[in-house]
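For the protein sequence lines, the chains are A and B, in the order given.
Take the first sequence: its position 4, counted from the start at 1, is 3 in numbering that gives the first Met the number 0, and no numbers get skipped.
Take the second sequence: its position 75, counted from the start at 1, is 74 in numbering that gives the first Met the number 0, and no numbers get skipped.
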Amino acid sequence: MLINNFTLQSNGGLLHDIKSDCTVLEAFDPQGLTPAQIASKKSIKVTALWDTGATNTVITKRVAQALGLSQTGVALVHHADGHSHKPKYVVNIMLPNNVGIAYVEVTEGDLMGEDVLIGMDIITRGDFAITNVGGKTTFSFRIPSVETIDYCKQGNQPSVPQKPIVKAKQPGRNDPCPCGSGKKYKHCCGKGKI
Amino acid sequence: MIMADILEKEFEYFTENHSELYNLYPNRYLVIKDQKVLFDEDSVKHALDVSQKNGLVPGTYIIQKCEEGVDSYTQVYHSRVTFA
Numbered sequence: 000m001l002i003n004n005f006t007l008q009s010n011g012g013l014l015h016d017i018k019s020d021c022t023v024l025e026a027f028d029p030q031g032l033t034p035a036q037i038a039s040k041k042s043i044k045v046t047a048l049w050d051t052g053a054t055n056t057v058i059t060k061r062v063a064q065a066l067g068l069s070q071t072g073v074a075l076v077h078h079a080d081g082h083s084h085k086p087k088y089v090v091n092i093m094l095p096n097n098v099g100i101a102y103v104e105v106t107e108g109d110l111m112g113e114d115v116l117i118g119m120d121i122i123t124r125g126d127f128a129i130t131n132v133g134g135k136t137t138f139s140f141r142i143p144s145v146e147t148i149d150y151c152k153q154g155n156q157p158s159v160p161q162k163p164i165v166k167a168k169q170p171g172r173n174d175p176c177p178c179g180s181g182k183k184y185k186h187c188c189g190k191g192k193i
Numbered sequence: 000m001i002m003a004d005i006l007e008k009e010f011e012y013f014t015e016n017h018s019e020l021y022n023l024y025p026n027r028y029l030v031i032k033d034q035k036v037l038f039d040e041d042s043v044k045h046a047l048d049v050s051q052k053n054g055l056v057p058g059t060y061i062i063q064k065c066e067e068g069v070d071s072y073t074q075v076y077h078s079r080v081t082f083a
């Protein structure tokens, strides 16, 4: 199994956020292509912020326009200001050390300073670790996931048993409202949410 | 009608008929145009490929993964990002 990985380390001190270089490319299948063919694809090199509080990966309008992307879908996004519908695109993402992911669905959004937000859709494709030994932050990422990191196990301590978090099944827009009113969910408790 | 509005209509068709579509195409990537499902594929790559092979113009159709519940087309951002 081929494992792709990279490690970023602070020059000294703790990092307040995790950022890495990132190249966003038009979507294509890299298999069988030469480096020259890959280099000829439309691409833009930007800074990415890694965010475990984001379910999905976001690009700015600037990136979408620079690559001439065509919209491929719509996402319903819930955010600090409420919720809205935003365009989706399909791209390839290249991370440091040539860690690449093809055909990633990304959503267009406004970001503060960066052009890409790496969300849990990418983070959960591999192993993601942040350590701060000696007051120096080290961030490491690899694809695919190969090993569970368990600090309790490493220290021969029992881990705290915890029931898995089970998300309640969400009714569909046109399903009967679970409150029993007899109305459709979208006209009752789901009004304004979906 | 501008293209973004047309794609919004396609998305509305997807959300309005989500339960029925899920019964027909569970966990498939649907290519939707003119409020109809044209193709259902096992990956976004295959959905893009089949759309291109059949001459669909990029930006005139949407690809939506059809999973159970509203989570399949809902995203949550807890920090830093706004969608004005």
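For each residue, glycine too, the CB sits at the ideal point set by N, CA and C.
None of these values were measured; they are calculated from a predicted model.
Checklist line | Straight-line Cα distance separating residue 12 of chain B from residue 58 of chain B | finding: 17 Å
- How big is the Cα-Cα spacing for residue 4 of chain A and residue 22 of chain A? 16 Å
query: Can you list, in chain order, the residues of the region 70 to 96 of chain A whose Cβ is nearer than 9 Å to any Cβ on chain B?
result: 70, 71, 72, 73, 74, 75, 76, 77, 78, 79, 80, 81, 82, 83, 84, 85, 86, 87, 89
Can you have a look at residue 72 of chain B and say buried or exposed, based on whether 16 or more other CB atoms are within 10 angstroms of its CB? buried
- Of all Cβ atoms in chain A, is any one closer than 8 Å to the Cβ of residue 35 of chain B? no
Please report whether the beta-carbon of residue 12 of chain B lies at a distance below 8 Å from any beta-carbon of chain A.
no
According to the neighbour-count rule (16 or more other Cβ atoms, all chains shown, within 10 Å of its Cβ), is residue 151 of chain A buried or exposed?
exposed
(request) Check whether the Cβ of residue 63 of chain B lies closer than 8 Å to any Cβ atom in chain A. (result) yes
For residue 114 of chain A, which of helix, strand or coil comes out of DSSP? coil
Using 8 Å as the limit for Cβ to Cβ distance, is residue 53 of chain A near chain C? This model lacks chain C altogether, as its protein chains are A and B.
Chain B contact residues for residue 26 of chain A, given Cβ-Cβ distances below 9 Å:
43, 44, 47
Query - Through-space distance from residue 35 of chain B to residue 119 of chain A, alpha-carbon basis - result: 31 Å
- Task: Compute the distance between the beta-carbons of residue 47 of chain A and residue 100 of chain A, then report whether it is under 8 Å.
- Result: no
Could you tell me which chain A residues have their CB closer than 9 Å to the CB of residue 57 of chain B, listed as they occur along the chain?
68, 69, 70, 71
Does DSSP put residue 95 of chain A in a helix, in a strand, or in coil? helix
Out of curiosity, what's the CA-to-CA distance linking residue 8 of chain B and residue 34 of chain A? 40 Å
Self-check item: Presumed contact (8 Å Cβ cut-off) between residue 143 of chain A and residue 19 of chain A, rounded CB distance
Solution: So it is not a contact: roughly 18 Å between Cβ atoms.
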